[in-house]
Each structure stands twice: as C-alpha cells, then as structure tokens.
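Beneath this line is the structure, given in structure tokens, with notes to follow.
In our numbering, the protein residues as written are 20 to 737.
Here it is as structure tokens:
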C-alpha cells in the first residue's frame with residue numbers, strides 16, 4: 020500500500036501532457052504582451068504562456084472552467100492550431116457525459132472504480148469491499164487493479180452451466196429462464212460498497228430484468244425484499260454497469276453473500292469479466308465546471324449551434340446541484356454521498372497510535388486526498404459562480420429570440436437565479452467563515468467541525484469569484500500579506516510566499532485530515548506535498564486577480580513581476596525539472612511522484628498565470644454580443660498592448676492607456692460587435708477602415724461593424 024500511495028496519491032490528476040522544458044521557438048503569430056519599459060517581463064510572460072499553451076487542450080472535467088480561459092483567444096494560425104483547438108473543445112464539451120439525473124462525469128483516466136467518477140479509491144484499498152476479476156482485458160494495470168485474477172471457486176450457477184474462464188472472462192451458458200449466478204461467500208460492509216459494478220457481455224437474453232440480491236448474517240436466505248434491479252445491456256457488447264446499492268433501504272450493515280439474478284425469459288450466453296464493489300468517487304464540482312466551460316466556449320465563438328445543443332444539458336447540470344446537493348433549499352452545497360461527510364479517514368490517538376477508517380474521507384474536488392464534504396465551502400464557491408454564469412446565459416437567450424434556443428421546463432428565470440445567488444453568498448459567508456482565523460474553512464463535517472488549515476487557494480478563489488464579502492476579502496488579503504498573523508499557523512507573514520511564484524496552498528501543517536489511504540502524512544516534511552505547505556503555480560492567477568480587485572494594479576503588478584523573475588531563473592536553468600533538481604529547496608509533483616510544487620506535468624492550470632494580462636490588467640470580458648474592456652494599468656505602465664485576440668469572427672489587437680483604448684481588427688466582419696468601456700464619456704473615432712459605429716443608450720457601449728480591416732480609437736473625454 021505504501022508504494023501505491025507514493026506513486027498514485029500525490030494528487031492523482033491524470034494524463035501527463037504538459038512539458039517542463041523551455042521552448043524558445045514561439046511562432047510569430049502567437050499573442051504578445053507589450054508594455055514599454057517592461058519588455059523583459061512581458062517576454063517572460065509570453066514564454067510562460069507558450070510553454071503551457073498546448074496543455075490547454077481538453078482534459079478531465081475538472082479543468083473545463085480554467086483551461087477555457089486560455090484556450091480560445093490566441094490566434095495561433097500555424098497549421099490551423101487555433102481552429103483545431105476550438106474544434107476539440109467543441110467536441111469535448113458536447114461529448115461530456117451528463118447522466119439522466121444531471122450529474123456530469125469526471126472523464127478522468129479509467130480505473131476499477133465509479134465509471135463517471137475519480138479513478139480512486141478503489142475496492143482493494145479498503146478492508147470491507149468485495150471483488151472478483153476473471154479477466155483483465157481492457158482493464159488498466161497495477162496498481163489500479165488486483166495483482167491476480169480470480170477463479171470461480173465457490174460460485175454457483177442455477178439455470179445454466181459454466182463453460183470455463185476465457186480471455187474475456189468466465190463464460191456461462193444460460194439454459195433455463197430465471198437463471199441465477201451466485202458469488203462465493205464474502206463478508207463485506209455496505210458502507211464500503213455503495214456501488215456494485217458488473218462487467219459482462221450477454222447474448223440472447225432479451226426482455227430480461229437482471230437484479231442483485233444479498234443475504235446478511237442475520238438473514239441468511241436470499242429474498243425478493245433485498246433486490247436491486249438494473250438495466251440489461253446491449254446484446255453482444257461488453258458493458259460496465261454500476262448499480263447504486265446505497266439507494267436500497269435495506270442495504271445496511273454487513274452483507275454475507277451476493278448473487279446476480281438474470282431475470283431472463285429465454286436462453287443465451289453470459290461472459291462475466293468482473294464483479295466488484297466500489298466507492299462513490301463522483302465529484303461535486305463537475306457540474307459547475309462544465310457549465311462555465313461551455314459558456315466560455317460560446318462567448319468566445321458565438322457558436323449558436325453549440326449552445327442550442329448544450330443549453331439544456333447545462334441547465335440539467337445546474338438543477339442536479341440544486342437538488343442532489345440541496346443547494347436550492349439550503350443555499351450551499353451539501354454533499355451526502357457515502358464516504359463524503361467531511362470527516363477524516365484517520366484518527367491520531369493520544370498514545371500516538373492511529374485508527375484507520377476505510378471508506379471515509381473521500382475527496383470530491385481538486386484535492387483528491389482531502390475530505391471536503393458535507394457542507395462544502397469550495398463546492399459552494401464554484402456553484403455560486405456557475406449560478407452567475409447561467410444568469411448571464413439565460414438573459415442572453417431571452418434577449419435574442421431569433422437564436423431559437425430551447426426554453427421549456429428546464430429553463431431558469433434569471434431574476435430568481437440572481438436572488439438565489441445572493442442568498443448563497445450570504446449563507447456561505449456566515450457558514451464557512453472562521454471568526455478566529457478570519458478566513459474561510461474547507462467544509463463543515465457531519466460532526467459540526469469547520470476544517471481550516473489556511474487554504475489560500477480556497478480563500479483567493481472566494482475573492483476572485485466575488486463570493487467573499489468586501490470585509491472578508493480585506494481580512495483574507497491582510498492575512499496573506501502578513502499584516503495580521505494567525506496564531507498557531509505553521510507559515511506566517513512573508514513565509515506564506517516561501518515558494519516565490521505564489522502562496523503556499525495551506526499555512527497550517529496537516530497530518531490529521533485526509534482520506535484513509537493517505538495515512539502517513541507525517542512522513543513527508545512540511546512543504547513536501549502540494550496540499551500541505553506546498554504550492555501550485557496556476558493558483559497564482561487567482562492571487563493576482565484578487566490583488567487587482569482589492570488592492571489595485573500596482574500591488575498586482577508587484578506580485579506578477581516577482582513571478583516573472585522566478586520564471587526567468589527557471590528558464591535559465593533549463594526548465595522546471597532542472598531548476599528543482601535537488602540543488603535547491605523544492606520538490607516537484609507530477610508524473611506519479613509526490614512532491615510539494617505543482618507546476619508542470621498534470622498541472623495544466625499553470626497556463627492561467629499569463630491570463631492576468633488579458634482578463635486582469637486589460638479587463639477583457641467576453642459576452643455573446645461583444646466584450647468589455649476595462650484597463651487597469653500600474654503607474655509604471657504607459658500603455659498595455661495585447662495582440663492577436665481571436666474573438667468570434669474577428670482578430671483584434673488592443674492597446675490601452677489610462678484614457679484611450681485602440682482596437683485594431685485585422686480582418687473584416689459582417690457581424691456587429693458591442694464594445695463596452697468603463698464609466699465615463701467616451702468618443703469613438705475611426706483611424707482607418709470603412710466601418711459602422713453607433714453609440715448605445717446604456718452608456719460607454721458602442722456597436723461596431725468592420726466592413727474591412729481597420730482601427731478605431733476610443734478616447735475618454737474630460
């Protein structure tokens with residue numbers, strides 16, 4: 020188990036596509052950031068952007084919200100890269116599995132656990148699960164599965180006979196109706212078996228109604244009262260079917276034996292590849308990520324066909340969180356899935372011994388080792404932002420009936436969503452705020468305990484997504500800046516930014532609050548794991564944006580400049596892996612190795628950092644009909660230019676000074692674009708091109724149509 024933990028559970032974030040090596044050959048057409056007098060820093064940010072840009076291809080649902088920030092806007096025309104990337108995202112978002120209830124699948128790499136959830140934990144990591152694997156065909160290898168294949172010893176077949184174990188599994192001939200396949204006796208506990216999964220192929224068993232039955236030590240006879248039905252798979256195809264046993268009221272306590280009733284009305288064949296238990300590894304933030312990623316794709320592309328095909332799925336996803344997680348009723352995300360109650364999977368006793376509670380402490384968001392659950396602050400923040408996203412989408416749909424978007428029973432009233440979002444913010448700030456430390460905690464578990472280890476990422480995202488009140492945002496930034504000290508924290512004052520490129524993920528040593536298989540956290544020193552004093556480069560984006568929002572552009576630029584200095588040193592050394600090669604403090608996580616710093620490999624979100632230039636300092640905000648520009652320039656910046664912004668059917672270069680915004684479109688377009696500027700009286704003047712310009716009545720907004728390539732200048736009048 021120790022080997023499995025060390026290789027699997029550093030963060031478990033999947034396919035490794037990012038590179039750590041410098042790549043100086045950036046295509047000329049890749050966007051540039053221009054600030055006179057700060058060329059070196061701008062070149063460094065461009066290098067950082069290009070280094071991680073290929074990693075903005077679609078990954079698991081976890082990244083749908085973050086990677087879309089960077090994926091769509093660069094007009095990288097070499098080999099049609101931009102078009103290919105947009106097409107890939109279109110296919111991925113339309114292909115996200117949304118189950119009949121509205122849950123959005125995780126789409127992480129395969130495993131022997133929940134097919135729509137995270138790859139671990141799986142049943143062999145517990146003590147009271149059960150499982151038989153008669154074939155490993157198309158099953159991921161060790162340590163994601165048992166070491167040895169099972170044998171059908173102790174199994175029984177009624178209404179048929181066993182042919183033998185073949186390449187695909189245990190082959191059975193079904194010769195009679197209502198056949199039953201009884202597993203060998205195996206005592207397991209329902210707490211660790213919320214789901215059963217059967218991997219099998221059936222032939223000829225049409226109109227069958229298969230089911231699971233079980234016995235208990237107190238009731239040793241199978242009974243129809245303890246029966247859970249499931250659907251018959253398509254004939255001739257290997258199917259992986261999950262059966263939610265936890266929903267049956269009698270699925271409680273210890274189970275002695277399980278059997279599979281075929282419920283068949285005719286004869287046929289069965290190949291049983293595997294039959295095993297698994298934990299509930301679903302993630303409670305998938306819906307929020309999917310909604311926001313889909314909205315951003317639409318805003319950047321104005322792909323009406325995409326929105327028409329995906330809108331009802333987005334609504335279903337939001338309604339799933341509202342109902343399954345009680346968000347509409349309680350104005351927060353309440354996770355009640357088995358094993359997700361917010362309690363740790365380990366307990367440290369006074370004498371130094373440990374108790375391990377297998378099945379307890381399962382993670383359900385970015386941090387797969389930490390048992391966020393029950394009243395979940397992180398998921399509530401993401402839900403709040405998803406609400407605001409759907410408010411914008413629903414308003415745009417109603418403002419454009421010519422789009423012919425579906426309404427119906429799934430449509431949501433944006434005014435009611437607005438009221439609900441306000442209540443979520445109010446309730447969340449009361450529920451999750453720690454009055455002693457004056458910051459947000461991770462969650463409130465079923466015992467009423469608020470878990471607070473100084474989660475910087477959570478608090479910064481609370482500010483970034485406008486979840487934190489102004490007073491709470493001020494308290495958070497004062498803590499991070501060392502202007503106030505949280506007594507008892509392991510990291511305080513300047514040490515919070517010990518890793519230079521961003522704050523530590525946590526500021527209080529955590530050796531007690533994890534999922535059960537990560538049960539020796541004390542064996543790794545402080546800062547040696549990303550979720551315990553380490554740091555993640557991508558989270559620096561939320562730090563920068565929060566500083567810009569609460570402290571202004573000069574503070575944000577001061578922090579960003581430190582990031583560029585660090586990155587220049589990294590590049591000079593030859594890349595992340597060369598820089599952190601043991602000659603200096605810091606170990607890298609990624610590629611199956613546990614470490615303290617998340618910058619490359621599966622940390623695709625590193626691409627977020629340079630996005631502060633577009634979304635932060637330039638204040639660019641896309642919408643269906645156009646975009647807003649709200650430049651916020653540090654005093655040392657005479658101007659800011661960002662080139663090759665591909666917005667819908669346009670290719671923009673934008674240059675801004677404190678009182679002027681110039682927008683140059685390199686191509687012509689017949690579709691009007693609404694440009695929204697900061698409060699004030701603005702005058703628009705064509706500097707070149709033949710186009711249309713009209714001022715809109717809502718102030719600071721202009722509708723433009725570029726009939727041919729050209730530039731327009733907006734000037735703020737005294």
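Just so it is clear, CB atoms sit at the ideal spot from N, CA and C, and this is done for glycine as well.
*Count the C-beta pairs between the segment 446-457 and the segment 473-488 that are closer than 8 angstroms, then say yes if the count reaches three, no if not.*
Contact between the segment 446-457 and the segment 473-488 is present, with at least three C-beta pairs closer than 8 angstroms.
*Cut-off 6 angstroms between Cβ atoms - residues of its own chain near residue 375, not counting five sequence neighbours on either side*: Beyond the five residues adjoining it in sequence on each side, residue 375 comes within less than 6 angstroms, by CB distance, of 365, 535, 538 in the same chain, given in chain order.
*Starting from residue 672, follow the beta strand (DSSP E) in both directions and report where the run begins and ends.*
That run of the beta strand (DSSP E) goes 669-676.
*Please determine if the segment 645-656 and the segment 583-590 are in contact, where contact requires at least 3 C-beta pairs separated by less than 8 angstroms.*
Judged by pairs of C-beta atoms under 8 angstroms, the segment 645-656 does not touch the segment 583-590, as fewer than three such pairs exist.
_By the DSSP assignment, the beta strand (DSSP E) with residue 293 in it spans what residues?_
Element bounds for residue 293: 287-297.
_Tell me which residue opens and which closes the alpha helix (DSSP H) that residue 649 is part of._
Careful: residue 649 lies outside any alpha helix (DSSP H) and carries neither H nor E.
*Looking at C-alpha atoms only, which residue of 713, 128, 317, 211 is the closest neighbour of residue 108?*
Of 713, 128, 317, 211, the residue nearest in Cα terms is 317.
*For residue 152, which of 415, 420, 44, 170 has the nearest alpha-carbon?*
With respect to the C-alpha of residue 152, the residue from 415, 420, 44, 170 having the closest C-alpha is 170.
*Taking the continuous alpha helix (DSSP H) assigned at residue 71, which residues delimit it?*
Here the alpha helix (DSSP H) through residue 71 covers 58-71.
*Looking at residue 692 and residue 669, is the spacing between their C-beta atoms short of 9 angstroms?*
Going by C-beta atoms, residue 669 is nearer than 9 angstroms to residue 692.
*Note down, in chain order, each residue of its chain lying with its Cβ closer than 7 angstroms to the Cβ of residue 728, except the 5 sequence neighbours on either side.*
If we look at residue 728 and ignore the five residues flanking it on each side, its Cβ neighbours are 684, 685, 686, 687, 708.
*Can you name the start and end residues of the beta strand (DSSP E) that residue 44 belongs to?*
Per DSSP, residue 44 belongs to no beta strand (DSSP E) and is neither H nor E.
*What's the call for residue 28, buried or exposed, on a 16-neighbour Cβ count within 10 Å?*
Residue placement at residue 28 is poorly supported in this model, since its pLDDT is 37, which falls under 50; the coordinates still yield a value, given next. So residue 28 counts as buried.
*How many whole angstroms separate the CB atoms of residue 200 and residue 279, which I take to be in contact at a CB cut-off of 8 angstroms?*
Residue 279 and residue 200 do touch by the CB rule: their CB atoms are close to 5 angstroms apart, below 8 angstroms.
_Spatial neighbours of residue 724 in its chain, beta-carbon cut-off 6 angstroms, leaving aside the 5 residues before and after_ = Excluding five sequence positions before and after residue 724, the CB atoms of its chain that fall closer than 6 angstroms to its own CB belong to 691, 710, 711, given in chain order.
_On the DSSP letters alone, give me the boundaries of the beta strand (DSSP E) that residue 276 sits inside._
From DSSP, the beta strand (DSSP E) with residue 276 extends over 276-280.
*Round the Cβ separation of residue 334 and residue 257 to the nearest angstrom and send it over; I've been treating them as touching at under 8 angstroms.*
That pair is no contact at about 33 angstroms.
*Assign residue 590 to one of two classes, buried (16 or more other C-beta atoms within 10 Å of its C-beta) or exposed (fewer than that).*
Under this definition residue 590 is a buried residue.
*Can you have a look at residue 22 and say buried or exposed, based on whether 16 or more other CB atoms are within 10 angstroms of its CB?*
Annotation note: pLDDT 28 at residue 22 (below 50); position unreliable, no value reported.
*Evaluate residue 736 with the Cβ neighbour count: other Cβ atoms within 10 Å of its Cβ, from every protein chain shown; 16 or more gives buried, anything less gives exposed.*
Around the beta carbon of residue 736, fewer than 16 other beta carbons lie within 10 angstroms, which makes this residue exposed.
*Counting along the chain, where does the beta strand (DSSP E) carrying residue 324 start and finish?*
First-last for residue 324: 323-343, but that is the alpha helix (DSSP H), not the beta strand (DSSP E).
*Is there contact between the segment 110-128 and the segment 176-195, where contact requires at least three CB pairs shorter than 8 angstroms?*
Output reads no: the segment 176-195 does not touch the segment 110-128.
*Determine which residues share a DSSP beta bridge with residue 247 and list them.*
Paired residues: 231.
_Of the listed residues 241, 248, 304, nearest to residue 214 (C-alpha basis)_ = It is 248.
*State the DSSP-derived secondary structure class of residue 641, mapped to helix, strand or coil.*
Residue state, collapsed to three classes: strand.
*Taking only runs of the beta strand (DSSP E) that begin and end inside the segment 118-203, which ones reach a length of at least 3 residues, in chain order?*
Runs of the beta strand (DSSP E) inside the segment 118-203: 150-152, 175-177, 179-184, 189-193, 199-201.
_Residues bridged to residue 683 (per DSSP)_ = DSSP output for residue 683 lists 672, 730 as bridge partner(s).
*Using the beta-carbon count (16 or more within 10 Å), is residue 494 buried or exposed?*
Per the 10 Å Cβ criterion, buried.
_At the level of alpha carbons, what is the spacing between residue 413 and residue 84?_
Residue 413 and residue 84 have their C-alpha atoms spaced approximately 18 angstroms apart.
_residue 423, buried or exposed, once every other Cβ within 10 Å from all chains shown has been counted against 16_ = Exposed, since its Cβ has fewer than 16 Cβ neighbours within 10 Å.
*In this structure, does DSSP put residue 497 in helix, strand or coil?*
The answer is helix: DSSP assigns residue 497 an H, G or I state.
*Could you pull out every residue in the same chain whose Cβ sits closer than 6 angstroms to the Cβ of residue 54, ignoring the five residues on either side in sequence?*
The beta carbon of residue 54 is closer than 6 angstroms to those of 61, 656, 659 in its chain, skipping five residues each way along the sequence.
*Determine the closest residue to residue 227 out of 250, 330, 212, 117, with distance taken between C-alpha atoms.*
When the alpha-carbon of residue 227 is set against those of 250, 330, 212, 117, the nearest one is in 250.
*Would you mind sorting residue 731 into buried or exposed? The rule is 16 or more other CB atoms within 10 Å of its CB.*
In the assembly as shown, residue 731 is a buried residue. Its beta-carbon has 16 or more other beta-carbons within 10 Å.
*Give a yes or no on whether the C-beta atoms belonging to residue 527 and residue 501 are separated by under 9 angstroms.*
When the beta-carbon positions are compared, residue 527 and residue 501 stay at least 9 angstroms from each other.
*State the DSSP-derived secondary structure class of residue 702, mapped to helix, strand or coil.*
In this structure, residue 702 counts as strand in the three-state DSSP scheme.
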